[in-house]
Amino acid sequence: MARMNRPAPVEVSYKSMRFLITHNPTNATLSTFIESGMKYEDAIQFIRQKRRGAINSKQLTYLEKYRPKQRLRFKEPHAHKTKCCVM
3 MARMNRPAPV EVSYKSMRFL ITHNPTNATL STFIESGMKY EDAIQFIRQK
53 RRGAINSKQL TYLEKYRPKQ RLRFKEPHAH KTKCCVM
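Residue numbers 3 to 89, in the working numbering, belong to the letters of the sequence shown in order.
Below is the structure:
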């Protein structure tokens, strides 16, 4: 059986954050855009600009129902200039 050529990962930037979009984005990587303040429609459009057809119907349903948990917020907002937040 022939091996399938998968596209290389794509790095996208939004505000001051950078994200890595892989061949099959997972629910964990999709929700980071919503955590950063994007609406789910904007997150889908943003990802599809770099990776056409990246999101399937199951992931779309997940994003429609997802509610941000504010995981990308800093616990100490006054000390965040020297720290980073990784998900």
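Cβ atoms here follow ideal geometry from the backbone N, Cα and C, with glycine treated the same way.
CA-CA distance, S15 to I57, rounds to 18 Å.
Between the alpha carbons of E43 and R53 lies a gap of roughly 15 Å. DSSP places K17 in no alpha helix (DSSP H); its state is neither H nor E. Going by DSSP, Y42 is part of the alpha helix (DSSP H) stretching over Y42 to K52. When DSSP states are grouped into helix, strand and coil, Y64 belongs to the helix group. Here I49 is not near L62, since their CB atoms are 8 Å or more apart.
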